[in-house]
Structure formats: structure tokens, C-alpha cells
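Only one structure is covered here, and it is reproduced in the block below.
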């Protein structure tokens with residue numbers, strides 16, 4: 001693990017095109033070790049595409065990305081060992097039980113079975129999951145919240161240096177969400193680097209050391225939340241976000257719509 | 001972690017997914033988890049039991065015995081692989097689960113292929129167990145038969161798996177991601193339907209064969225892969241004729257070429273394919289495409305025109321009709337469930353083409369009529385099941401007194417999509433091949449029974465489209481029982497109609513059937529309109 005100032009995630013003019021549509025447009029930024037970065041943007045801004053390129057799921061059209069000094073294309077397998085990813089979809093193999101799924105994931109990272117079971121039990125205790133449920137029921141029968149807890153566990157089982165969260169709180173109840181926020185702050189204190197994409201801006205404001213706002217695939221703003229809010233005299237991160245991404249216009253249209261159609 | 005460990009983990013994963021299915025969405029929450037070893041045992045016992053049927057060919061030649069075994073092996077193994085391969089090879093959720101983990105893409109392909117091959121061999125061996133014994137000790141058997149048949153069955157399993165993988169790889173190579181998802185489904189449906197048809201037609205052709213003298217439609221027999229593998233057995237353990245040697249050579253060469261293409265030449269496209277599945281952003285529509293959308297879909301236009309606009313006056317019925325057709329033509333799960341299930345009903349028109357004159361055509365026509373009725377009911381049952389069943393709460397939220405118009409819309413969709421085209425195909429088959437349109441009246445008993453049978457599931461409001469989760473249990477068993485009842489009823493109708501036709505009383509028979517049908521339809525229609533929403537269990 002490098003020092004606090006060493007960049008662990010480095011994006012250099014990272015670009016992704018789907019046909020003629022540019023989803024991510026020459027995006028560059030770096031994140032040092034132990035930092036929690038809120039990765040924000042309106043729908044279709046390119047957040048998920050960026051995260052999917054950072055995990056190796058998508059290949060960039062041009063540009064490079066490095067994680068822990070490893071190039072994501074030339075050192076794909078080694079860089080993937082250092083990344084944990086919680087996808088927005090929360091996809092799992094629904095025909096496996098929770099335990100089967102987690103043990104399968106642990107095996108893919110080369111964690112010995114005994115150590116994997118111990119780690120799984122720690123996460124079960126943390127997330128207040130029932131071991132019986134994890135053993136006896138297929139993931140398809142889990143509630144959305146339980147499934148999300150399994151996906152988060154699967155992302156953290158191998159103790160990755162970098163964790164990418166794409167809407168991780170989706171489906172979690174209030175208590176689990178509070179616990180989760182504490183967990184990521186603890187992870188950052190232990191030197192993990194966290195990129196946190198979410199639409200819940202007050203959580204981002206409270207948890208993140210820094211926010212990066214993108215729109216139409218381009219970087220709009222990068223800095224500490226309190227500094228950005230003060231510089232732009234926005235009052236809150238939510239106000240700043242709506243100023244930057246055209247949210248004020250949307251708000252006006254919503255008011256007009258409500259007056260016209262729902263008098 | 002070394003490559004062997006990764007392969008072992010992936011192998012176990014894909015074997016589990018193969019036997020448990022793609023997803024358990026919609027399963028009852030209390031469903032116990034069944035181990036794959038138990039599932040495998042049950043499946044192998046079932047296949048071995050099905051293989052017992054070969055005993056009826058005790059006195060047949062090695063070629064006839066082998067053709068039967070290979071035809072059914074081709075169907076069972078091919079169906080099993082074709083229905084699982086799409087999800088296994090190109091699961092669009094797999095990227096979020098596996099592609100960000102340290103797993104080489106090539107290892108993904110090889111472990112999937114290895115699982116497909118291994119499972120197809122297990123199934124093939126289980127089904128052929130009785131065949132090995134019969135081919136060895138029957139009057140025309142040979143001690144070499146088990147060895148020859150084991151080799152040809154292995155070749156056939158490799159051929160099935162290779163063909164399936166090749167079909168998907170070719171789609172990837174020739175077509176971009178834009179149409180990949182829809183095309184993969186179409187390929188899977190065509191593969192399944194071809195396998196069912198290919199294996200069903202062969203035994204029917206063989207009913208005319210006693211020896212290797214294949215003077216009747218022999219060419220058609222030889223282009224079907226099961227005949228190549230039967231030729232392999234015959235060349236090794238049977239007559240050793242030039243023909244069987246040629247067929248054996250074709251089986252070996254064809255399998256080799258398919259394996260070389262699927263697992264050699266095109267294997268590198270697999271990683272690209274998985275990436276393409278995830279590039280979800282759509283390409284901007286062309287001007288022509290935008291113009292088409294602005295003008296509405298062809299189906300919407302058709303529904304707005306007579307005669308469909310007269311037939312679908314009720315807006316709820318029309319909405320259900322359009323929803324049903326949309327799922328039957330677009331939804332991957334729906335198409336994969338429905339079309340292979342309906343494939344056997346194409347046997348009757350195919351049989352009309354394949355037989356010249358005689359009583360067979362009479363029965364084929366009568367069966368084609370009864371298949372119209374059976375198929376419509378089966379389609380309604382299948383259309384009721386969907387992964388999106390929870391979305392049908394919208395029907396209960398809407399101000400609709402009961403499910404009758406929704407059931408009726410779905411019923412009409414099944415008539416338009418299945419019954420009418422099948423009736424036309426059967427009629428054209430008779431017209432072209434026999435030139436005796438008078439026999440077409442034998443379709444009528446089935447045509448008259450069709451509305452009666454299609455109303456049966458509607459009468460208690462049980463045919464609401466897409467409203468049931470894909471699950472087994474008592475409800476599926478009840479549907480199965482009622483379907484068996486319908487099959488028996490239509491079978492009686494087939495034999496009765498042929499008998500009265502031969503006696504010259506078909507006109508009277510049709511008149512009576514028509515009156516009974518009208519009364520039954522009116523009663524069931526009334527019952528359906530009175531039905532309220534079924535309780536959700």
C-alpha cells in the first residue's frame with residue numbers, strides 16, 4: 001500500500017464511445033490511497049460506464065486507467081485482484097444459495113475455504129444476516145436488501161485495496177445503511193480507496209472527502225464538498241449539483257407540469 | 001490462484017447453473033434447495049427410462065435400431081444443450097458478476113464448453129443404456145455394437161454441443177451487438193424447433209423402412225445428422241455397406257469440422273461477444289426507423305383496421321391482445337418456452353408432405369385439426385407464465401371488474417399467432433401435395449373444437465397473460481392434468497371424425513359438433529364474464 005498521497009486510481013483521458021455516441025469523454029482524474037470520493041452526475045452522465053471501465057467489464061475506446069499502478073488492459077487480472085465492485089444491478093447467480101455464491105467468489109480470488117468461511121461469517125454477523133437462510137435458500141428468493149448485503153460482502157471478501165460502489169444503498173434499510181456508511185469510513189481509515197457513485201447527495205456530502213461531478217461524460221467539478229459548496233455559494237451539495245447539471249430547469253418544468261396536468 | 005483452481009471453481013459453478021437453471025426468480029420462497037447430484041441422478045434415471053422404448057425394435061437391423069437411438073439422442077441431448085446454451089454462453093448479467101473478477105475470458109468459454117460436453121455425454125449414455133444391450137443380444141445384433149455405438153454417441157454429443165456453440169459464435173461474428181440479444185434468442189428457438197422436428201420426422205420416415213433399401217425419400221434421411229451416426233454403427237457393427245461407410249465418414253468429418261470451427265477458429269470471438277453484451281447504449285435510430293416509430297408499429301395499424309378492429313372492440317381485450325403478441329414476438333424467456341413447446345404440432349403438416357396418399361394422410365389431416373385445438377390451449381397455458389408476472393399487478397389495480405377481457409385478448413392472440421397459420425399451412429400442404437381439397441373437411445372437427453377448448457382456461461379467469469411465475473407445484477400439475485384430458489378428448493375426436501368420414505356421415509357429425517360447440521362456448525363465455533380475480537397464492 002502506498003502513502004496517503006500516492007494515486008491509487010488514475011484515469012488519463014479515458015473515453016468510451018458506443019457507435020457515434022460518446023458516453024465518457026476524455027475523463028481524467030486521480031484518487032490517492034485512503035480517500036472516499038463521491039462520483040456524481042445526472043442520469044446518463046457516464047458514471048456507470050466509467051466504473052465498468054475501471055473494473056475491466058468494458059474496454060475503453062481510448063485513454064488509459066491504472067489501479068494500484070497496474071494498467072487495466074495490460075495487467076487485467078492483477079488489477080482485478082485489487083478491486084472490489086458493487087454493481088448497481090446487484091446481479092447474482094440466483095440459482096445458487098447465498099453461501100454457495102460467496103464461497104464461489106472467494107475461490108475465484110484464491111481465498112482458502114476455511115479463511116473464506118471465517119470472513120463470510122464476519123460479514124454475516126455485521127450485516128445481521130441469517131446463516132440458515134444463506135445456506136438453505138437460493139438467492140432468487142432473497143429480499144432486495146438481503147441480496148444487496150450479499151453483493152457487498154462478495155465485493156469485500158478478498159480485502160481489496162480499491163472498492164467501487166455503484167448505488168450501494170439501493171434496497172438497504174435505514175439501519176443497514178447507517179452501518180454501511182460507518183463501514184466505508186472505517187475501510188478508508190485502513191487505507192482503502194473508495195469511489196462511491198450515488199444519487200443520494202446528503203449521504204455523499206457526509207461521507208466523502210471529495211466529490212467529482214461529471215455530465216455528458218465530461219468532468220465538471222472536482223474538490224472537497226464543503227469547499228465546492230462554499231466557492232459556489234450553493235448552501236448544500238444538492239443545490240450545487242442542480243445548478244451544475246440543469247436541475248433548476250427540471251424543477252421549473254416539474255412545477256409547470258404539475259400546474260397544467262394536476263391542478 | 002492458478003489456472004487449474006479457477007477452472008475447477010468455474011466448472012462447479014456452471015454445472016450447478018446448468019442443472020438449477022438460469023434463475024430462480026418467481027420460485028416459492030420455501031422451495032428447498034436440491035443438490036445438483038440429486039438432480040443429476042433423477043435426470044439420468046429419467047433418460048435411462050426413456051431409453052427403454054428401444055426394446056420394441058428388438059428384431060430390427062442395426063441401422064434401424066441405431067437411427068432410432070440417434071434420432072432421440074439428438075432430440076433429448078440437443079434440446080437440453082440448445083435451451084441452456086444461450087443463457088450459459090451469453091448471460092447478460094454475467095459481466096456484473098464475473099467479468100470484474102480475476103477470471104480470464106477464455107477460461108470462461110472453456111469451462112462452459114466443458115460442462116456442455118460433459119453433460120451431453122452423460123445424458124446420451126443414460127438414454128442409450130438399453131440400446132447397448134439390445135444392439136448386442138438382438139437377432140441382428142453384434143458384439144461390436146456397444147463399442148461402435150459408444151463411439152458414435154460420443155461423436156453425436158460432440159456434434160450437438162459444437163453446433164450449438166458454433167451457431168452462437170457465427171451470430172457474433174456476422175452481426176453487431178445491436179441485434180445480438182434478439183438474434184441469439186431466434187437462433188436458440190430455431191435450434192430447438194429444428195431438433196424437435198428433425199428427430200420426430202426421422203422415426204416416421206423409418207416406419208416405412210425394414211432394411212437398408214431406402215428408396216422412399218432416402219435423400220431426406222441422409223441429410224439428417226442422426227442417419228450419419230447410425231451409418232457409423234452400421235459400418236462398424238452391421239452390414240458394412242458402401243452406403244453405411246459413406247455415412248460414417250460424413251459423421252466423423254462433420255463432427256471434426258464443427259469442433260474445429262466452434263472451439264478453434266471462432267473461440268477468440270467469445271471475449272468480444274461478452275463485452276458486446278454489455279455495451280448497452282443503443283445506436284441512434286436511422287431516419288427511416290424514427291419515421292416508422294412515429295407512424296406506429298405495423299401491428300398497431302393492423303389492429304386499428306377491419307377485421308381485427310371489429311373483433312377487438314373492447315379496449316381491454318385489445319390491450320391484452322397486443323401485450324400477448326408483444327411477448328410472443330419479443331420476450332426471450334417467452335419465446336424460448338413457447339416455440340420449442342409448439343414445435344411438435346408442426347409434425348402433422350410435415351407428415352402430409354412426407355406421405356403420399358393412403359389412410360395416413362386422412363389421419364394426419366384429422367390430427368392437424370385436433371392439434372389446432374390442443375396447441376391453442378397449450379399456448380394459452382404457456383403465455384400465462386412469465387418472469388415479469390409481478391408486473392401484472394397493474395391489471396388488478398386497473399378498474400376492471402374481472403379477468404375475462406384479459407383472458408379473451410390472450411385467447412385471440414393465440415388464435416391469430418398459432419391456430420390460423422397452422423390451419424393455413426395444413427390446407428396448403430394438402431392442396432399442393434395431393435390436390436384433393438375435399439379431404440380438407442377433416443380439419444373441421446378440430447377447427448370447431450378450437451374455440452371451445454381455448455375458452456376452457458378462460459372460464460375461471462385463469463388465462464390472464466404473463467400472470468404466473470415460472471414455477472412447478474400443484475398449479476402446474478393441475479394444468480398438466482387438464483392438458484392430458486384435452487389430449488385424450490381430441491384423440492377421441494380424431495378417430496370418431498375419421499370413422500364417420502369413412503362412413504359418409506361427416507356432415508351430420510359436424511352439424512352436431514357445431515351446435516354443441518356453440519352452446520359450450522356461450523356457457524363458458526358467460527362463466528368467464530362472471531369470474532372475479534383469482535386469489536393470489
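Protein chains in written order, with the working numbering: chain A, 1 to 263; chain B, 1 to 537.
Positions of the beta carbon are idealized from the N, C-alpha and C atoms, including for glycine.
On a predicted model such as this, the values are computed, not experimentally measured, just so you know.
Residue from the options whose Cα sits closest to the Cα of residue i
i: residue 20 of chain A; options: A/33, A/38, A/61; result: A/61
i: residue 41 of chain B; options: B/122, B/107, B/61; result: B/122
i: residue 228 of chain A; options: A/215, A/209, A/246, A/130; result: A/209
i: residue 66 of chain A; options: A/122, A/84, A/8; result: A/8
i: residue 525 of chain B; options: B/411, B/334, B/493; result: B/411
i: residue 523 of chain B; options: B/486, B/456, B/133, B/77; result: B/456
i: residue 118 of chain B; options: B/136, B/161, B/144, B/96; result: B/161
i: residue 77 of chain B; options: B/37, B/302, B/62, B/124; result: B/124
i: residue 452 of chain B; options: B/440, B/417, B/496, B/517; result: B/517
i: residue 73 of chain A; options: A/82, A/92, A/53; result: A/53
i: residue 99 of chain A; options: A/200, A/139, A/77; result: A/139
i: residue 6 of chain B; options: B/36, B/81, B/105, B/44; result: B/105
i: residue 234 of chain B; options: B/61, B/98, B/81; result: B/61
i: residue 156 of chain B; options: B/264, B/393, B/70, B/43; result: B/70
i: residue 164 of chain B; options: B/150, B/253, B/74, B/135; result: B/74
i: residue 190 of chain B; options: B/381, B/169, B/298, B/339; result: B/339
i: residue 219 of chain A; options: A/203, A/226, A/245; result: A/245
Presumed contact (8 Å Cβ cut-off) between residue i and residue j, rounded CB distance
i: residue 304 of chain B; j: residue 67 of chain B; result: Between residue 67 of chain B and residue 304 of chain B the Cβ distance is about 52 Å, and since that is not below 8 Å, they are no contact.
i: residue 51 of chain B; j: residue 128 of chain B; result: 6 Å
i: residue 183 of chain A; j: residue 194 of chain A; result: Going by Cβ atoms, the distance from residue 183 of chain A to residue 194 of chain A rounds to 10 Å, so no, they are not a contact pair.
i: residue 383 of chain B; j: residue 362 of chain B; result: At roughly 32 Å, the Cβ-Cβ gap does not stay under 8 Å, so residue 383 of chain B and residue 362 of chain B are not in contact.
i: residue 371 of chain B; j: residue 438 of chain B; result: Actually they do not touch by this definition, with Cβ atoms about 21 Å apart.
i: residue 85 of chain A; j: residue 156 of chain A; result: About 10 Å separates the two Cβ atoms, so there is no contact after all.
i: residue 18 of chain B; j: residue 230 of chain B; result: Contact flag wrong, Cβ pair sits at about 28 Å.
i: residue 464 of chain B; j: residue 400 of chain B; result: With 8 Å as the limit, residue 464 of chain B and residue 400 of chain B do not qualify as a contact, their Cβ atoms being about 10 Å apart.
Coil, strand or helix - residue i by DSSP
i: residue 295 of chain B; result: The predicted position of residue 295 of chain B is uncertain, since its pLDDT is 48 and thus under 50; a value taken from the coordinates is nonetheless stated next. Residue state, collapsed to three classes: helix.
i: residue 222 of chain A; result: strand
i: residue 120 of chain B; result: helix
i: residue 225 of chain B; result: helix
i: residue 210 of chain A; result: strand
i: residue 244 of chain A; result: helix
i: residue 66 of chain A; result: strand
i: residue 46 of chain A; result: coil
i: residue 89 of chain A; result: coil
i: residue 97 of chain A; result: strand
i: residue 345 of chain B; result: helix
i: residue 327 of chain B; result: helix
i: residue 264 of chain B; result: helix
i: residue 387 of chain B; result: coil
i: residue 12 of chain A; result: strand
i: residue 217 of chain B; result: Caution is warranted here: a pLDDT of 44 is assigned to residue 217 of chain B, below 50, making its placement in the model unreliable, and no coordinate value can be reported.
i: residue 318 of chain B; result: helix
i: residue 519 of chain B; result: helix
i: residue 7 of chain A; result: strand
i: residue 143 of chain B; result: coil
i: residue 24 of chain B; result: Caution applies to residue 24 of chain B, whose pLDDT of 42 falls short of 50 and renders its modelled position unreliable; the value that the coordinates give is listed next. Residue state, collapsed to three classes: coil.
i: residue 544 of chain B; result: Not covered by the structure: residue 544 of chain B. The range shown for chain B is 1 to 537.
i: residue 24 of chain A; result: strand
i: residue 111 of chain A; result: coil
i: residue 414 of chain B; result: helix
Buried/exposed call for residue i, threshold 16 Cβ in 10 Å
i: residue 149 of chain A; result: buried
i: residue 405 of chain B; result: buried
i: residue 257 of chain A; result: exposed
i: residue 31 of chain A; result: buried
i: residue 197 of chain A; result: buried
i: residue 484 of chain B; result: exposed
i: residue 215 of chain B; result: Confidence in residue 215 of chain B is poor, its pLDDT being 40 and thus under 50, which makes the residue's placement unreliable; the coordinate value appears in the next sentence. So residue 215 of chain B counts as exposed.
i: residue 495 of chain B; result: exposed
i: residue 244 of chain B; result: buried
i: residue 240 of chain B; result: exposed
i: residue 112 of chain B; result: buried
Where the segment 153–166 of chain A meets chain B: residues whose CB sits under 7 Å from a CB there: none
Under 7 Å (Cβ pairs) to chain B, residues found in the segment 62–89 of chain A: 77, 80, 81, 83, 85, 87, 89
Selection of the segment 194–222 of chain A by Cβ proximity to chain B, strictly under 9 Å: none
Residues of the segment 109–122 of chain A with Cβ closer than 9 Å to any Cβ of chain B, in chain order: 109, 110, 111
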